[in-house]
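Contents: one structure, followed by commentary.
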Amino acid sequence: MDIYTNEGKKEIIKKFTPKTKVLKNTLLAFIFGGLISLGAELLREAYIYFGMSEKDALTLVGVTLILLASLLTALGLFDRIARYAGAGTLVPITGFSNSVTSQALDAKSEGLILGVGAKIFTVAGPVILYGIASGVLYGIIYFIYLYIIR
Amino acid sequence: MKRIKKLDTPPRFISWCAVGGYEEKNGPLGEAFDLCDESDTFGQKTWEMSEGEMGRCALNLALSKCSLSHETLELLVAGDLQNQCVASSVGLDSFGAPFLGIYGACSTCTEALLILSSMIESGAVTTGACVTTSHNSAAERQFRTPLEYGGQRSPSAQWTSTAAGSFVLTSDEELIKNAKLSNVAISDFMIGRIVDGATADGSNMGAAMSFAAAESIIEYFKESELKPRDFDYIVTGDLGKVGTSILRAILEERLPSAAGKHLDCGNLLYDAKRQDVHAGASGCGTSASVLASYFLPRLEEGEIRDILFLSTGALMSPSSVLQGNTIKGIAPVIHIHSSAD
Chain Y
1 MDIYTNEGKK
11 EIIKKFTPKT
21 KVLKNTLLAF
31 IFGGLISLGA
41 ELLREAYIYF
51 GMSEKDALTL
61 VGVTLILLAS
71 LLTALGLFDR
81 IARYAGAGTL
91 VPITGFSNSV
101 TSQALDAKSE
111 GLILGVGAKI
121 FTVAGPVILY
131 GIASGVLYGI
141 IYFIYLYIIR
Chain R
151 MKRIKKLDTP
161 PRFISWCAVG
171 GYEEKNGPLG
181 EAFDLCDESD
191 TFGQKTWEMS
201 EGEMGRCALN
211 LALSKCSLSH
221 ETLELLVAGD
231 LQNQCVASSV
241 GLDSFGAPFL
251 GIYGACSTCT
261 EALLILSSMI
271 ESGAVTTGAC
281 VTTSHNSAAE
291 RQFRTPLEYG
301 GQRSPSAQWT
311 STAAGSFVLT
321 SDEELIKNAK
331 LSNVAISDFM
341 IGRIVDGATA
351 DGSNMGAAMS
361 FAAAESIIEY
371 FKESELKPRD
381 FDYIVTGDLG
391 KVGTSILRAI
401 LEERLPSAAG
411 KHLDCGNLLY
421 DAKRQDVHAG
431 ASGCGTSASV
441 LASYFLPRLE
451 EGEIRDILFL
461 STGALMSPSS
471 VLQGNTIKGI
481 APVIHIHSSA
491 D
């Protein structure tokens, strides 16, 4: 083994570092993500059943999921579920809710302005920035399609 | 250049103490810790202050175990993982002792012992103490993601221990004569070199540090008249599972007699089968608390005679890693010898 050059060391590290269990993680993410989606669909049906319009029901489903994820985060349960669920809890709106709530909880000790206020979107920031940026990009493309091409 | 410094007046350990939190209490060494707070808070409102209080408890207990007043301390060498070593300064100010705050990442424990030994050897001080702390929650906040963030950790990631170790060392003959514990001393040391870890992956620090540990062990035995067989154990700080397998593979090839003697504090502190710690423990409290709870008592009893002790440090910052810089490793070495009958 070559331990005196960077290439040699990189090779050694690669050889001994365990790989992430992709198949297991994907399967768990599929199951947990699927269950969350199923729950959301049941919620939508329930809201419509109780007399809400389709549009209102959809909005309320999002709000409910955000609230539940936020609550579970505050109770210290979300990260324990996410340890197994991985992308299953990260990809739906629950992941976004958790990233904001957990950061808010963490920054609490540093005050409401420079702590919570300044740091609340540290983890969620990339999603917000690139979410909005891709929205704008899509809007431009849609505009060109609608008014210029057609 | 000679790197090993032999100590003519080997400073003696007259007291030590290990303090931990929930996972440490429930690990295999939990019973051997002097104090554990399973809430991890140590009665404080923030995790940063909890770490400071844990360090204060560790030194207070060590001083009371050898019935020494804080006024006897001529030097306090301490460090932790927080920015600007703030846990050490908030935790230890009440002792009023001359203070050196040091940062060696997870190599802090050995670095502190090494600095204090050489100060004692030089005659600048006769009695001093070392304190090293790390706190899982404070470290997660500083280096990784918020505590309640729901993410999956890589299998090579390690668990920063909530642990502190404190040690009282002296060359004062009167103190040594009256001390209940005085069989163990530091007989020589070797300052570590900065060795490139060849990875910028903050979830694989064990691997990054393993090369520094290998360099230190190989260089030590090149220069020393002692052989690996003269030691009961060669103990590294917090290489964890991945770093341990790399170090042992390197030693098998270059210094086979040392490979069989190797133990890692990161693998001793937790039971990886029972506790969700992935590749083992990390953090500078790991080697400090394992030295105080596992090795020093056995050395004092004479059950083991000599250990080569290297806390391993991953020198990096969250920014340096994001900027793609590789993690540098360091592994200072101390030789701890027991003169028990």
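Those protein sequence lines, which keep their order, are chains Y and R. Quick note: the first sequence, position 10, residue 10 per our numbering, numbers continuous. Quick note: the second sequence, position 216, residue 366 per our numbering, numbers continuous. Idealized CB from N, CA, C, for every residue including glycine.
Cross-strand partners of residue i (DSSP beta bridge)
i: W505(R); result: The requested residue 505(R) is not part of the displayed model; chain R covers only 151 to 491.
i: I48(Y); result: For I48(Y), which the question treats as bridged, DSSP gives no partner whatsoever.
i: P340(R); result: It is Met, not Pro, that sits at residue 340(R) in the sequence shown. DSSP, once it has assigned bridges, lists I154(R) and V483(R) as partnering M340(R).
i: I326(R); result: DSSP lists no partner for I326(R).
i: S332(R); result: Beta-bridge pairing links S332(R) to no other residue.
i: C280(R); result: V227(R) and F317(R)
i: I81(Y); result: Note: I81(Y) sits in no beta bridge, so no partner.
i: V385(R); result: L413(R) and F459(R)
i: L465(R); result: K478(R)
i: S488(R); result: V334(R)
i: T310(R); result: S432(R)
Inter-residue spacing [alpha-carbon to alpha-carbon] between residue i and residue j
i: G251(R); j: V136(Y); result: 51 Å
i: I454(R); j: S488(R); result: 8 Å
i: I149(Y); j: S134(Y); result: 21 Å
i: C216(R); j: I457(R); result: 23 Å
i: F32(Y); j: R83(Y); result: 11 Å
i: T94(Y); j: K19(Y); result: 27 Å
i: T310(R); j: G177(R); result: 14 Å
i: T476(R); j: I12(Y); result: 15 Å
i: L185(R); j: V169(R); result: 5 Å
i: S189(R); j: G463(R); result: 27 Å
i: G246(R); j: A335(R); result: 26 Å
i: T191(R); j: H220(R); result: 25 Å
i: I270(R); j: F339(R); result: 13 Å
i: C415(R); j: R44(Y); result: 52 Å
i: S432(R); j: Y444(R); result: 16 Å
i: A399(R); j: L242(R); result: 41 Å
i: S360(R); j: V63(Y); result: 48 Å
i: F183(R); j: S316(R); result: 12 Å
i: Y101(Y); j: K119(Y); result: The identity of residue 101(Y) in the sequence shown is Thr, whereas the question assumes Tyr. C-alpha separation (whole angstroms): 11 Å.
i: V427(R); j: S439(R); result: 17 Å
i: E290(R); j: T394(R); result: 23 Å
i: P296(R); j: F96(Y); result: 13 Å
i: G474(R); j: Q308(R); result: 20 Å
Residue i (DSSP reduced to helix, strand or coil)
i: F183(R); result: coil
i: A74(Y); result: helix
i: D2(Y); result: coil
i: A133(Y); result: helix
i: C259(R); result: helix
i: L250(R); result: strand
i: L218(R); result: coil
i: V240(R); result: helix
i: A431(R); result: strand
i: V345(R); result: strand
i: S200(R); result: helix
i: T26(Y); result: helix
i: K15(Y); result: helix
i: A107(Y); result: helix
i: G115(Y); result: helix
i: I380(R); result: In the sequence on display, residue 380(R) carries Asp and not Ile. Of the three classes helix, strand and coil, the one that applies to D380(R) here is helix, per DSSP.
i: Y420(R); result: coil
i: S304(R); result: coil
i: K391(R); result: helix
i: A358(R); result: helix
i: P406(R); result: helix
i: S268(R); result: helix
i: D56(Y); result: helix
8 Å contact criterion, which residue i and residue j should meet: CB distance rounded
i: I154(R); j: S374(R); result: 6 Å
i: E173(R); j: T283(R); result: The pair is not a contact, with the Cβ atoms about 15 Å apart (cut-off 8 Å).
i: N354(R); j: T17(Y); result: 6 Å
i: L266(R); j: F249(R); result: Their Cβ separation, rounded to whole angstroms, is 12 Å, which puts L266(R) and F249(R) out of contact at 8 Å.
i: L389(R); j: A363(R); result: 6 Å
i: A279(R); j: A237(R); result: About 16 Å; that fails the 8 Å criterion.
i: S99(Y); j: A74(Y); result: 13 Å between Cβ atoms; not a contact.
i: I480(R); j: F459(R); result: Contact doesn't hold; Cβ gap of about 14 Å is too wide.
i: S321(R); j: T159(R); result: 5 Å
i: G117(Y); j: S109(Y); result: Incorrect: roughly 13 Å between the Cβ atoms, too far for contact.
i: L134(R); j: R162(R); result: Summary: the structure shown does not reach residue 134(R), with chain R confined to residues 151 through 491, and so no result is reported for it.
i: A314(R); j: M466(R); result: In fact, because the Cβ distance is near 22 Å, the residues do not count as touching under 8 Å.
i: E198(R); j: Q232(R); result: 6 Å
i: C256(R); j: S437(R); result: 7 Å
i: Y49(Y); j: V61(Y); result: Actually they do not touch by this definition, with Cβ atoms about 13 Å apart.
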